[in-house]
Structures are given as structure tokens and as C-alpha cells.
Amino acid sequence: MAVSSGEILCRRCAAQELPEPELLRYLDEYVSSLPQAMRASDETYARRLAACAVCQHRTHYTCTLCGCYVQARAAKRAMACPLPGTPRWEREL
Numbered sequence: 014m015a016v017s018s019g020e021i022l023c024r025r026c027a028a029q030e031l032p033e034p035e036l037l038r039y040l041d042e043y044v045s046s047l048p049q050a051m052r053a054s055d056e057t058y059a060r061r062l063a064a065c066a067v068c069q070h071r072t073h074y075t076c077t078l079c080g081c082y083v084q085a086r087a088a089k090r091a092m093a094c095p096l097p098g099t100p101r102w103e104r105e106l
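In the working numbering, the protein residues as written are 14 to 106.
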């Protein structure tokens with residue numbers, strides 16, 4: 014399933030019905046399809062994913078606070094962690 018940066022990737026999309034290996038491939042394709050100017054640096058992306066990996070508000074690949082796939086949200090430089098009060102990570106300027 015090819016994706017484009019114009020597609021909306023959310024918990025209600027068809028991706029949630031994919032088997033796990035296909036979902037991971039879909040998320041990787043989505044992240045790769047983002048224009049470079051929108052993407053967080055590789056270091057920032059890895060740090061964000063590590064923070065999400067230990068968060069109590071993560072269920073599999075989804076953030077239960079906002080409903081986003083964590084890979085999709087973490088990949089976008091302008092996004093921040095939706096945790097109220099003390100977010101686990103900030104926007105990359």
C-alpha cells in the first residue's frame with residue numbers, strides 16, 4: 014500500500030486493519046513520503062520514538078491521548094507530544 018504525504022494517517026484509517034508487518038511497512042512508507050522540510054531529524058525522530066516507547070499512553074503503535082500513530086506524529090518536526098503539562102518531547106524548530 015503506497016502512501017503519499019497528502020494522506021491522513023490516523024487510528025480510524027484502513028491501516029489499523031492491516032497485519033502488523035504490513036502496518037509497520039505502511040508507517041515507514043508514510044514517514045519516508047514526508048517532505049524533508051516537514052520531517053524531524055533522524056536523531057530527533059529516534060529520541061521521540063524512545064520516549065513514546067515507555068509512555069503509559071501508548072497502545073501498540075497508537076498514542077491514546079491524540080489517536081495518532083506514534084511513528085507518524087514523531088516524524089513531523091512541527092508536532093509535539095500531546096501529554097498535558099509536561100510533554101515527553103517538543104516541536105523541532
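Ideal Cβ positions, reconstructed from N, Cα and C, are used throughout, including at glycine.
Computed from a predicted structure; not experimentally measured.
In the three-state scheme derived from DSSP, where H, G and I count as helix and E and B as strand, R61 is classed as helix. Selection L37, W102 and P32 evaluated against C68 yields W102 as nearest (Cα-Cα).
Between A93 and A53, the beta carbon gap of about 11 Å keeps them out of contact (Cβ cut-off 8 Å). When rounded, the separation of the alpha-carbon atoms in R60 and M51 is 17 Å. Counting along the chain, the unbroken alpha helix (DSSP H) around P34 starts and ends at E33 to S46. Under the 10 Å beta carbon count, R86 is surrounded by 16 or more other beta carbons and is classified as buried.
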